[in-house]
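Using the working numbering, the letters of the sequence shown map in sequence onto residues 6 to 72.
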Amino acid sequence: MGLVGALAVVCFICWQRAEGEGEEVFITDLGKKYHREDCVHLQDSRVAILRNQAEAEGYEACGVCQP
Ligand SMILES: [Zn+2]
């Protein structure tokens, strides 16, 4: 039962990523752009956020890391 539940969660995550809406990106405390995890602009701070949520809050894609 527990294993089946875990697999269901994994599949739901896979589905979200395939849809392109549940993808995790990162924002900073001061910036108005969102970034990929390895972007140089994330050295000072990084806050995980979903891409669609970031866009809904007015953040734009970083031109350097092109998330
Ligand atoms: Zn970036």
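Yeah, the Cβ is synthetic: ideal placement off N, Cα and C, and Gly gets one too.
Can you list the residues near ligand 1, meaning Cβ strictly closer than 5 Å to any non-hydrogen atom, in the order they appear in the chain? Residues flagged by the Cβ proximity filter: H40, C44, H46, C67, V69 and C70.
Selection from F31, E65 and G27 that minimises the alpha carbon distance to Y47: Indexing the sequence shown from 1 puts residue 47 at position 42. The sequence shown places Leu at residue 47, rather than the Tyr named in the question. When only C-alpha atoms are compared, the closest one is F31.
List the endpoints of the continuous beta strand (DSSP E) containing E60. Here residue 60 corresponds to residue number 55 of the sequence shown, with the count starting at 1. Taken as a continuous stretch (DSSP letters only), E60 belongs to no beta strand (DSSP E), being part of the alpha helix (DSSP H) at R56 to A61.
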